[in-house]
Amino acid sequence: MLKVEVMAVLVRLNLERWSEEMAKTAPTIVGRRCWVSFADGDGDGGCFAAICRYLVDGERERDEQKELGGVLGGSETRRTATHIPDPYGIEIGNPVEIPHGYEEKWMLNVHAIDTRGVRDRLGCTECRCDLYNVTVDEYGRALPPDYDGGFRCCYDETKCRVKEGFYGVKRSLYLRYTVKYIDWDASIVPVKIYILDVTDIWTRSDESKGVRSQHYCLVEYKVESCDIGVANDGCTHTKSLSVSLPTSGDVIYGVAHQHTAGMGSTLYGQDGRVICSSNPIYGKGNEAGNEAGYIVGMSTCYPVPGSVKISDGEILTLVSNYSSARRHTGVMGLFYLLVADSSAKPDIALHAPAHVRLLFPDLMFGMFNST
Numbered sequence: 003m004l005k006v007e008v009m010a011v012l013v014r015l016n017l018e019r020w021s022e023e024m025a026k027t028a029p030t031i032v033g034r035r036c037w038v039s040f041a042d043g044d045g046d047g048g049c050f051a052a053i054c055r056y057l058v059d060g061e062r063e064r065d066e067q068k069e070l071g072g073v074l075g076g077s078e079t080r081r082t083a084t085h086i087p088d089p090y091g092i093e094i095g096n097p098v099e100i101p102h103g104y105e106e107k108w109m110l111n112v113h114a115i116d117t118r119g120v121r122d123r124l125g126c127t128e129c130r131c132d133l134y135n136v137t138v139d140e141y142g143r144a145l146p147p148d149y150d151g152g153f154r155c156c157y158d159e160t161k162c163r164v165k166e167g168f169y170g171v172k173r174s175l176y177l178r179y180t181v182k183y184i185d186w187d188a189s190i191v192p193v194k195i196y197i198l199d200v201t202d203i204w205t206r207s208d209e210s211k212g213v214r215s216q217h218y219c220l221v222e223y224k225v226e227s228c229d230i231g232v233a234n235d236g237c238t239h240t241k242s243l244s245v246s247l248p249t250s251g252d253v254i255y256g257v258a259h260q261h262t263a264g265m266g267s268t269l270y271g272q273d274g275r276v277i278c279s280s281n282p283i284y285g286k287g288n289e290a291g292n293e294a295g296y297i298v299g300m301s302t303c304y305p306v307p308g309s310v311k312i313s314d315g316e317i318l319t320l321v322s323n324y325s326s327a328r329r330h331t332g333v334m335g336l337f338y339l340l341v342a343d344s345s346a347k348p349d350i351a352l353h354a355p356a357h358v359r360l361l362f363p364d365l366m367f368g369m370f371n372s373t
């Protein structure tokens, strides 16, 4: 068993388009998409990528997906603190947590969109269906009439509309990330990863009626523009979710994930106290990691262990705010929490992680032409 931290770096990446070549070469993977991010290159694009843990068996079965969870998400990861403080850790390789007949695997999932020469950069990164000339999803199913944009319109090989006469050359890209880990021992306190989604349609359990708790996360949503005549600085779209976690514990870490136009998210306890507020940091330049107009970081919460607790059955409220000065599609309102068992007695001993640097050469992405 290992305690693992994943620190990711992407050098000079200028693309933002779905690419699942690694998934295609690993047909035994079972699970949903999840995201962790690597920032972009010349201020002209960005990239989402996922490092996820999955349970796998001998074949892919849609009705038997078993995802163990991912680590963070969004193109802002490079400037967002992601370390897990001692003595806490994310545990992997524990046979007790792996059902019989399954193995634990890692998968990298890259979502890249090429924005060079496009007519509407924000529209492309928000996956507006009209800019991609898409009327069906990646499985050939017709899109709902009210679905104007989101990941269902910017899947593999789709092309965002570019300016007339523009042609981009192919590029070779290199992806590198570092995994920090130590061997697990009794002094490490495991944390549970909770990813809250403001679009979640939650059915609360009711044992008296035989109703089990269920979650249906839409992942993305749409922000309509505010009424004409309203001052731009007063245009704020607010979406909220009330939900409870399956277990109680101490909050060790918290951070939100939003897209461009995000104004921050806050998680409240049942009594109205602030558990964690996370706000976006926008780039102001052209250099990698400081691209103007893009979210390049999110503020995080590292409470003193034991100072912020979530009680058993407590109803939490997640609030996600976006500017609605203009319309936005495919936005997200996720919130990541690491929660530890309050009864655990941590050992204060510090752990020095080992480092493994991985390099993926020659990730090839073709440039897009007008359709």
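Here this note's numbering runs 2 ahead of the position in the sequence shown, where the first position is 1.
Think of the CB as a built atom: it goes at the ideal place given N, C-alpha and C, for glycine as much as any other residue.
Small disclaimer: the values here were computed from a predicted structure and weren't measured.
Beta-bridge partners of L145 (DSSP): none assigned.
Counting the other Cβ atoms within 10 Å of the Cβ of I92 gives 16 or more, which makes it buried. Minimum Cα-Cα distance from S189 among the listed residues P89, A83 and A327 corresponds to P89. Going by DSSP, L198 is part of the beta strand (DSSP E) stretching over V191 to D199. The distance from the Cβ of G256 to that of I277 is about 7 angstroms, consistent with a contact at the 8 angstroms cut-off. Residue nearest to S215 within the set D229, D202 and K224 is D202 (criterion: CA-CA distance). Restricting attention to C155, D343 and A144, the CA atom closest to the CA of Y134 is found in C155. In the three-state reduction of the DSSP assignment, E106 falls in the strand class, which pools E and B. Taking a contact as a CB-CB distance under 8 angstroms, the pair S250 and I317 does not count as one, their CB atoms being some 13 angstroms apart. Less than 9 angstroms divides the Cβ of T240 from the Cβ of S322. If you ignore the 5 residues before and after K286, its C-beta comes within less than 8 angstroms of the C-beta of N292 and A294, all in its own chain and listed in chain order. In the structure shown, the three-state DSSP call for D252 is strand.
In this structure, G151 lies away from G264, with their beta-carbon atoms at least 9 angstroms apart. Here DSSP, grouped into helix, strand and coil, assigns F337 to strand. A direct Cα-Cα distance of roughly 18 angstroms separates N281 from G271.
For the options L175, D132, Y141 and E159, the alpha carbon positioned closest to that of D148 is the one of D132.
Contiguous alpha helix (DSSP H) elements confined to the segment 276-344 do not occur, taking only those with 4 or more residues.
Inclusion of S242 and L320 in the CB contact set at 9 angstroms is warranted, their separation being smaller than that value. According to DSSP, residue pairing for Y90 in a beta bridge involves V191.
The alpha-carbon separation between V306 and V181 amounts to approximately 25 angstroms. Of the candidates E106, Y104, I195 and V120, the residue whose Cα lies closest to the Cα of T84 is I195. If you draw a straight line from the Cα of G125 to the Cα of Y141, it is about 23 angstroms long. One Cα belongs to K165, the other to R173, and the distance between them is close to 20 angstroms.
Per DSSP, reduced to three states, the secondary structure at L247 is coil, with no helix or strand assignment. The residue among S345, E105 and V298 with its C-alpha nearest the C-alpha of T82 is V298. One thing to note: E222 has its Cβ within 9 angstroms of the Cβ of M334.
In this structure, the CA atom of A327 is about 43 angstroms from the CA atom of S344. By the Cβ-count criterion, V98 is exposed, with fewer than 16 other Cβ atoms from all chains shown falling within 10 Å of its own Cβ. Looking at the DSSP output, I100 bridges to nothing. A Cβ-Cβ separation of about 16 angstroms leaves I197 out of contact with A342 under the 8 angstroms criterion. DSSP places R178 inside the beta strand (DSSP E), whose first and last residues are R173 to D185. In this structure G119 is buried. Its beta-carbon is surrounded by 16 or more other beta-carbon atoms within 10 angstroms. Taking the Cα positions, S267 is about 25 angstroms away from N111. Ranking G274, R163, S227 and T137 by CA distance to the CA of V310 puts G274 first. In the DSSP assignment, T127 falls outside any beta strand (DSSP E) and lies within the alpha helix (DSSP H) extending over R123 to T127.
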